[in-house]
Amino acid sequence: MAISREEIIHIAKLADLNLSETEIEKYTKDMQEILEFANTINNVNTEGMNETIAANEKSNVLRKDEVVDFGNRDILLQNAPSQDEGMFRIPKVIN
Amino acid sequence: MVRDDYEVVIGLEVHCELSTKTKIFCSCSTEFGGEPNTHCCPICMAMPGTLPVLNEKVVEYAVKAGLATNCSIEKNSKNDRKNYFYPDSPKAYQISQFDKPLCYDGYVTIQTDEGEKQIRIERIHIEEDAGKLNHDEYGRGTFVDLNRAGVPLIEVVSKPDMRSSAEVEAYMRKLKSIFEYIEISDCKMEQGSLRADVNVSVRKKGAKEFGTRTEMKNMNSFRNIVRAIDYEAERQIEELEKGNKILQESLRWDEISGRTFSMRDKEDAQDYRYFPEPDLVAIKLSDEYIENIRKSLPELPESRKKRYIEDYELTEKAANFVVASKYYSNLFEEATKICNNPKTVGNMIMSDIARILNEREEEPDALKFTGKELGELVSLIDKGTISSAIAKKVLEELFNEVKMPSKIIEEKGWVQISDESAIKEVVMKILENNQQSVADYKAGKDKALGFLVGQAMKETKGKANPQLLNKLFLEELKK
């Protein structure tokens, strides 16, 4: 299982990262090692085992449908770099 | 209309906001409107360290939707993470479902010009809605309101089974009607609680392969969906006829110009890197849970229609019309219980009530009066208290103000006079004052009777029972 330089560039783009040439090289190598490590799990014999659909065994952790009003907009907005009229203000987004 | 040698193929992804009180993963209110960012908390604002907890009603409502649309229910379901960057999604991912949607393999039946047709449903899954971006017209930037972020949605994905804009409208109306019956959504399209992504392609008739499709996102009115499909199908055919290829892309429908425009989105960006949501556990549903929900479903339109035709002797046309909306259907049942005259009630809904709603550009959910008022109104016609012409006037009044019809006709003085002695008094007076007409009638001029009846009607402002009036005049004139 080998990862290509192009794949690293693609992943970086999806993650909105700008990588320098040296970073691309470094991450291609690092990612290769990560994949090889993760590949260990592919070699485990799972025959006869039930399919796992979540990371842990629990299921149905659910909430009742009852409103709890957080009630403090100022706290929610306080760390925003810019805000106006109770909203986050961000650079113009073209639709 | 689309050219005869081509066929349009349409598939829909319908998003429907569920009418739970709280959001899908936190306890914030889902109420529409409200000051910006007041229905928010650290969870739906994606503050670091917060964790989602699934709302049990969301699962219940989605299963209801699945059962009401003939779907199978996934007993081992889960949530998945769909990654994308857009400022209306504070987490930079949407919690959705990928390979284990709660419901799959269903269908709904629609009425077409060629009869009934089944539109298959591939899947129904649960996910969270995004926030709202307000674009500032003065160029001061974009303003983010996250009240809607985390409102629960179901996405209903159809198979590409529709072949015209009319079928798409029928399908959307059917889904809307079902979701209203089972009360999982208010389905208010103008508020965006029901909206659709529409996939359109065309192909030569008889072709086996589908053509390349384009997608129009977030369409939220029947009229625009129909117009957009008709336009887009024409456009694609023209392109193909010119020898051009259709590009697979997202289009924006512009309702003012009536055209679609390319959104020029980066093709390679459609890589959402779905993976199982690590912050949530599996959703496991027992047979018992599913059966209990099945039992809790109200009677659905198909079954109501059958009953209206068999038990109430409605025509198929009237039955289809009435069951198309929960609001009509409930009105019909309640009114019929009171007046025991399903035919007249059905006709009034189909002709008068639908006409008035149409004139007011409203949908049946805007009806304020109930079967109580409509039932009494029909009873009043049946008892001869009012004529059907007066009943139409009462109906108009009911749209302005909800009052019992008996009260309206009393206040307006619209009660038909059927008291024989009162009418006789009027008859005697008219005969007394129109000796010449009496003489004319006796001389064989039958028309004179019409004149006398007309005078009596004038005297009573049109409220005299016409049959009674005629009868009494004839009796007196024969003396």
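Residue numbers (my numbering), protein chains in the order written: chain A, 1 to 95; chain B, 1001 to 1479.
Glycine included, every Cβ here is placed at the ideal spot set by N, Cα and C.
Counting C-beta atoms within 10 angstroms of its own C-beta, H1135(B) has fewer than 16 neighbours from the protein chains shown and is therefore classed as exposed.
When beta bridges are read from the DSSP output, N1199(B) appears opposite G1011(B), E1215(B). Contact annotation: E1302(B) and T1109(B) have beta-carbon atoms nearer than 8 Å. Under the DSSP definition of a beta bridge, L1054(B) partners with L62(A). Taking 8 Å as the threshold, the shortest C-beta distance from F70(A) to chain B falls below it.
When C-beta distances to chain B are compared with 7 Å, the residues of the region 49-61 of chain A below that value are I53, A54, A55, N56, K58, S59, N60, V61, in chain order. Interface annotation, L35(A): not in contact with chain B, CB-CB separation never under 8 Å. For the options I1095(B), N1320(B), K1064(B), M1216(B), the alpha carbon positioned closest to that of W1253(B) is the one of M1216(B). Contact of M31(A) with chain B is not assigned, every C-beta pair being separated by 8 Å or more. Of the other Cβ atoms in all chains shown, 16 or more fall within 10 Å of the Cβ of Q1416(B); this residue is therefore buried. DSSP places I1024(B) outside both helix and strand once states are collapsed to three, so it counts as coil. The beta carbon of P81(A) does not come within 8 Å of any beta carbon belonging to chain B, so the residue lies off that interface.
Looking at A55(A), S82(A), A38(A), V67(A), the one whose alpha-carbon comes closest to that of F1275(B) is A55(A). Per DSSP, reduced to three states, the secondary structure at L1331(B) is helical. Distance between L1477(B) and P1466(B), taken at the CA atoms: about 16 Å. When Cβ-Cβ separations below 8 Å define contact, S1185(B) makes no contact with chain A.
If you draw a straight line from the Cα of L1280(B) to the Cα of Q1097(B), it is about 12 Å long. Contact check for D1145(B) against N1037(B) passes: the beta carbons are separated by less than 8 Å. Of A1046(B), A1196(B), E1238(B), K1242(B), the smallest CA-CA separation from V1226(B) is found for A1196(B). For Q1094(B), the three-state secondary structure derived from DSSP is strand.
Using a Cβ-Cβ cut-off of 7 Å, N1076(B) is close to I53 of chain A, given in chain order. Counting only the Cα atoms, G48(A) lies some 28 Å from I34(A).
Around the beta carbon of V68(A), a 10 Å sphere encloses fewer than 16 other beta carbons of the protein chains shown; the residue is thus reported as exposed. Unbroken alpha helix (DSSP H) runs of no fewer than 4 residues, entirely contained in the region 1295-1358 of chain B, are found at 1301-1311, 1316-1323, 1326-1339, 1342-1347, following chain order. A distance below 8 Å separates the beta carbons of F1210(B) and V1009(B).
Cβ atoms of Y1006(B) and K1204(B) come within 8 Å of each other, at about 6 Å. Inclusion of G1346(B) and L1314(B) in the CB contact set at 8 Å is warranted, their separation being smaller than that value.
Taking CB atoms only, E23(A) has no neighbour in chain B less than 8 Å away. With a 10 Å radius around the Cβ and a threshold of 16 neighbouring Cβ atoms, P1364(B) comes out buried. For the set I1246(B), L1054(B), K1208(B), the Cα lying nearest the Cα of E66(A) is the one of L1054(B). Fewer than three pairs of CB atoms, one per stretch, sit closer than 8 Å, so the region 1374-1391 of chain B makes no contact with the region 1430-1440 of chain B. By the rule that beta-carbons nearer than 8 Å mark a contact, L19(A) does not touch chain B.
Non-local C-beta neighbours of E1420(B) in its own chain, meaning closer than 7 Å and more than five positions away in sequence, comprise L1468, ordered along the chain. Note that the C-beta distance between G1066(B) and G1011(B) is not below 8 Å. For F1451(B), the CB contacts under 8 Å within the same chain, skipping 5 residues up- and downstream, are N1434, S1437 in chain order. For G1106(B), the three-state secondary structure derived from DSSP is strand.
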